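Numbering (my numbering), first residue to last: 13 to 207.
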């Protein structure tokens, strides 16, 4: 016997509601987004132990041959900030001997505070980004060691801006908001993401 018309209508409505509300099987985010500020050095000409890079989940670090960072910072000849994803610095041999993560950068129009959800696509993983002070980059990090057992996705997302530079000391002052929940794209500070 076929279900009655009201039963079929109710079933279709429930299916539409489940699809409209996102992925019903995706686990809920459990960690709040973290806002951070950094004082970094340009990696050319930096003091030996100076922080020249960021690991979005680990904080400031040095851009060195261990490749334990996500992005490194430098200044070009005209004093503009240049941001390098780890794979642009790691050579082909390093990629074969250690699992280097994939970090993508995407320039985003608007202000740092206006970016609330990172884009899903369009990230450049193979080129450095020369930016202006105050411009915003959306960041996608694929690190299988971080999201290895995640059911929500294999990536973490962040946003990044260089607020100011001190060309004389080759220092850069940067801010980030990182969503540590694998697969979630919200970059609103101090909130547990829903997206």
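Glycine included, C-beta positions come from ideal geometry on N, C-alpha and C. As the structure is a computational prediction, the values presented were derived from the model and not from experiment.
Output the distance between the C-alpha atoms of residue i and residue j, rounded to the nearest integer angstrom.
| i | j | result |
| --- | --- | --- |
| residue 145 | residue 49 | 15 Å |
| residue 52 | residue 148 | 17 Å |
| residue 155 | residue 166 | 7 Å |
| residue 190 | residue 16 | 50 Å |
| residue 153 | residue 71 | 14 Å |
| residue 192 | residue 80 | 17 Å |
| residue 47 | residue 101 | 26 Å |
| residue 175 | residue 115 | 21 Å |
| residue 194 | residue 43 | 10 Å |
| residue 56 | residue 63 | 12 Å |
| residue 90 | residue 41 | 42 Å |
| residue 45 | residue 204 | 6 Å |
| residue 159 | residue 122 | 30 Å |
| residue 120 | residue 136 | 12 Å |
| residue 151 | residue 66 | 12 Å |
| residue 188 | residue 173 | 7 Å |
| residue 58 | residue 207 | 38 Å |
| residue 183 | residue 168 | 27 Å |
| residue 186 | residue 161 | 31 Å |
| residue 85 | residue 78 | 16 Å |
| residue 99 | residue 73 | 16 Å |
For the beta strand (DSSP E) that contains residue i, what are its first and last residues?
| i | result |
| --- | --- |
| residue 49 | 46 to 53 |
| residue 185 | 183 to 191 |
| residue 85 | 83 to 87 |
| residue 172 | 167 to 178 |
| residue 71 | 71 to 73 |
| residue 67 | 65 to 67 |
State the CB to CB distance for the pair residue i and residue j, rounded to an integer number of angstroms; the pair is presumed to be in contact (CB under 8 Å).
| i | j | result |
| --- | --- | --- |
| residue 143 | residue 97 | Not really, about 13 Å apart at Cβ, beyond 8 Å. |
| residue 140 | residue 68 | Residue 140 to residue 68, Cβ: 17 Å. No contact. |
| residue 39 | residue 164 | 5 Å |
| residue 117 | residue 177 | With a Cβ gap of about 18 Å, residue 117 and residue 177 do not count as contacting. |
| residue 76 | residue 113 | Wrong, their Cβ atoms sit about 15 Å apart, outside the cutoff. |
Any heavy atom of the ligand NAD inside 7 Å of the beta-carbon of residue i?
| i | result |
| --- | --- |
| residue 187 | Here there are no bound small molecules, and the ligand NAD is not part of this structure. |
**Request:** Return the chain-ordered ranges of every beta strand (DSSP E) run that is complete within the region 90 to 164 and spans a minimum of 3 residues.
**Result:** 93 to 97, 114 to 120, 148 to 154
**Request:** Please determine if the region 124 to 131 and the region 196 to 205 are in contact, where contact requires at least 3 C-beta pairs separated by less than 8 Å.
**Result:** yes
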